[in-house]
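Residue numbers (my numbering), protein chains in the order written: chain S, 13 to 306; chain G, 13 to 306.
From the three backbone atoms N, C-alpha and C, an ideal C-beta is built for every residue, glycine too.
Here it is as structure tokens:
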């Protein structure tokens, strides 16, 4: 299907995509670039990439599919580094967890050539980062959101859909704006709350003793607090407006619960918990969708 | 070890304790009482109890170990129902998730006979309640906190320790006050936050669409939001002062994170996330304790 994948950023996400494409027999050669030469060397040794490129631009040269798998904050500089080789017919994708900022940067830098860029967000990851954790199965059974622009080349959107489907993902399309609002709610805010909660518990005088008593509920609730700091710094800054909006909604819900606790209104408290509990019990990950997200 | 377990409340916690004691060969007979006759009947059919008692008092009669496994809010009325048969040498325990309120009720109702009561909190549970989910393995590998009073019979504290150890639990002792402060931080607040968060996401205009996009991080973060409403209503009300104190700490941590997001201070944000992330990565459930909780 593809002759050469140009991989810019050889980390968990990019490395896993390269491995998955290779395993599916969809690419002949992977040329990889990373800011750190030791990373590309490692990627080559692990068989994730076949050839080391000395620059992002050289990873694009001769590739018919390019994956930009860098932190969201590095998207604009990456577009600048490669813009002279962004040609029609070559599929360019990213894997960023926020989409508006990336799409704005692509428009600004690539101008007319933005038609070749299909913004992508695979809903997959691990608490551990880096090429050593790259995994051909990472995208298997996961959702991938594409947020094409009106001017994006429809043939490339189709190619992107085919590539992600071939590595086992379920592909959805939405606007960058809807994407960022949705993920602020179901991913970015939970991370922010988990960071805040874990910090608050750990850094109180008896925090260490308290932590020694925590059980499986605590373990699962705080699992995402161990996520990669630079990745989440970028995501929270990049999508801060939507995250702060969702945080306001959360604070109102918390205020309401605390209000009924303070007033000792057992019935109202039970009713509020019952609704959340029922909704959560009814929720299923990757449930079949009716009509798709708006 | 015991002749007869008197079980008051035939739910998940009480039923699992009865099954575990039986499996360990530590009790000859289990006499069970439940508010609802259909529950005791079911418990008998499942082999969790051997004999149905018509009242809490009759479950105590002839028992040398009694487990009060009722909602925390029903502790006082249960003590009242059984006080005439609370005799020295018989071990009385509860399984409540908060301890100060239960201990206060025991003191008030049992008076001098409070020496027979060893307050217990096994750190175990499931998102599903009821006798049908009772499980002899529930307490295996879990911590159980005992919060005896200065006047509690030391021989009964030892019996309690032996019984929980025999069903595979690790026994710790602390004061009711320290217990409630610790569990407000590591259990009760996370539940409150999970209820608030799930409610806030689900009950916004696009909530249903958002939920369809949520992934494994969301799944784990919200797992405890499915917990039993009446149990958690009681816990949050019973321990509300400590929970509200912990919520204040959490809100300050959240304020600080949002402040650096708003000001765009990437370095400070990264540093705050890094601390939480490192602390969480270093944390281990049931890690060996140095010196024990204060």
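What is the rounded straight-line gap between the Cα of residue i and the Cα of residue j?
i: residue 159 (chain S); j: residue 30 (chain S); result: 21 Å
i: residue 305 (chain S); j: residue 220 (chain G); result: Reliability fails at residue 305 (chain S), whose pLDDT of 41 lies under 50, so the model's placement of it is uncertain and the value that follows must be treated cautiously. Taking the straight line from one Cα to the other gives about 9 Å.
i: residue 297 (chain S); j: residue 232 (chain S); result: 16 Å
i: residue 135 (chain S); j: residue 281 (chain G); result: 23 Å
i: residue 146 (chain S); j: residue 34 (chain S); result: 13 Å
i: residue 27 (chain S); j: residue 60 (chain S); result: 6 Å
i: residue 148 (chain G); j: residue 57 (chain G); result: 16 Å
i: residue 91 (chain G); j: residue 121 (chain G); result: 6 Å
i: residue 161 (chain S); j: residue 117 (chain S); result: 13 Å
i: residue 286 (chain S); j: residue 208 (chain G); result: 11 Å
i: residue 152 (chain G); j: residue 128 (chain G); result: 25 Å
i: residue 258 (chain G); j: residue 227 (chain G); result: 28 Å
i: residue 201 (chain S); j: residue 262 (chain G); result: 14 Å
i: residue 216 (chain G); j: residue 268 (chain G); result: 26 Å
i: residue 279 (chain S); j: residue 150 (chain G); result: 30 Å
i: residue 123 (chain G); j: residue 114 (chain G); result: 13 Å
i: residue 271 (chain G); j: residue 289 (chain G); result: 19 Å
i: residue 299 (chain G); j: residue 230 (chain G); result: 26 Å
i: residue 275 (chain G); j: residue 190 (chain S); result: 24 Å
i: residue 32 (chain S); j: residue 277 (chain S); result: 54 Å
i: residue 166 (chain S); j: residue 184 (chain S); result: 15 Å
i: residue 49 (chain S); j: residue 234 (chain S); result: 34 Å
i: residue 170 (chain G); j: residue 218 (chain G); result: 56 Å
i: residue 253 (chain G); j: residue 253 (chain S); result: 33 Å
i: residue 260 (chain S); j: residue 260 (chain G); result: 16 Å
Give me the chain S residues within the contact set of residue i, using Cβ-Cβ distance strictly less than 7 Å, ordered along the chain.
i: residue 262 (chain G); result: 208, 209 and 212
i: residue 287 (chain G); result: 211
i: residue 291 (chain G); result: 210 and 214
i: residue 245 (chain G); result: 278, 281, 282 and 285
i: residue 222 (chain G); result: 194, 197 and 198
i: residue 67 (chain G); result: Those do not exist, as residue 67 (chain G) stays about 25 Å from chain S at its closest Cβ, beyond 7 Å.
i: residue 242 (chain G); result: 282
i: residue 239 (chain G); result: 289
So which residues on chain G does residue i lean against when the C-beta distance must stay under 9 Å?
i: residue 227 (chain S); result: 135, 136, 137, 154, 155, 198, 199, 297 and 298
i: residue 176 (chain S); result: What residue 176 (chain S) touches in chain G: nothing, since even the nearest Cβ is about 15 Å away.
Please work out which residues of its chain come closer than 6 Å, Cβ to Cβ, to residue i, disregarding the five sequence neighbours upstream and downstream, and give them in chain order.
i: residue 112 (chain G); result: 188 and 192
i: residue 22 (chain S); result: 44, 46, 51, 52, 55 and 143
i: residue 71 (chain G); result: 18, 20, 43, 45 and 65
i: residue 62 (chain G); result: 41 and 42
i: residue 25 (chain G); result: 81 and 107
i: residue 251 (chain G); result: 110, 192, 196 and 200
i: residue 78 (chain G); result: 18, 72 and 104
i: residue 119 (chain G); result: 126
Can you list, in chain order, the residues of its chain with a C-beta nearer than 8 Å to that of residue i? Leave out the 5 residues immediately preceding and following it.
i: residue 76 (chain S); result: 14, 15, 16, 101, 102 and 103
i: residue 125 (chain S); result: 95, 98, 99 and 100
i: residue 93 (chain G); result: 67, 68 and 69
i: residue 141 (chain S); result: 23, 24, 240 and 243
Can you name, in chain order, every residue of its own chain whose Cβ lies under 7 Å from the Cβ of residue i, other than the five neighbours on each side?
i: residue 203 (chain S); result: 236, 239 and 244
i: residue 36 (chain G); result: 178 and 179
i: residue 302 (chain S); result: Its pLDDT being 48, under 50, residue 302 (chain S) is placed unreliably in this model, and the coordinates cannot settle the point.
i: residue 88 (chain S); result: 117 and 121
i: residue 168 (chain G); result: 103, 128 and 130
i: residue 83 (chain G); result: 242, 243 and 246
i: residue 73 (chain G); result: 97
i: residue 138 (chain G); result: 24 and 145
i: residue 293 (chain S); result: none
Mind checking whether residue i and residue j have CB atoms under 8 Å apart?
i: residue 255 (chain S); j: residue 225 (chain G); result: no
i: residue 81 (chain G); j: residue 130 (chain G); result: no
i: residue 291 (chain S); j: residue 206 (chain G); result: no
i: residue 249 (chain S); j: residue 284 (chain G); result: no
i: residue 212 (chain G); j: residue 265 (chain S); result: yes
i: residue 132 (chain S); j: residue 105 (chain S); result: yes
My assumption, with CB atoms under 8 Å, is that residue i sits in contact with residue j. Please give the rounded CB distance.
i: residue 38 (chain G); j: residue 175 (chain G); result: 7 Å
i: residue 194 (chain S); j: residue 222 (chain G); result: 5 Å
i: residue 163 (chain G); j: residue 181 (chain G); result: No, residue 163 (chain G) and residue 181 (chain G) are not in contact; Cβ-Cβ is about 24 Å, not under 8 Å.
Kindly list, in the order they appear in chain S, the residues whose Cβ is closer than 8 Å to that of residue i.
i: residue 236 (chain G); result: 229, 232 and 233
i: residue 202 (chain G); result: 209, 229, 230, 233 and 234
i: residue 249 (chain G); result: 273, 276, 278 and 281
If the cut is a Cβ gap below 9 Å, which residues of chain S does residue i touch?
i: residue 252 (chain G); result: 270, 273, 274 and 276
Hey, is residue i close to the ligand HEM, as in C-beta under 7 Å from one of its heavy atoms?
i: residue 190 (chain S); result: Absence of the ligand HEM is noted for the structure shown, with no ligands found whatsoever.
Determine the chain G residues that contact residue i at a beta-carbon separation under 8 Å, and present them in chain order.
i: residue 259 (chain S); result: 266 and 270
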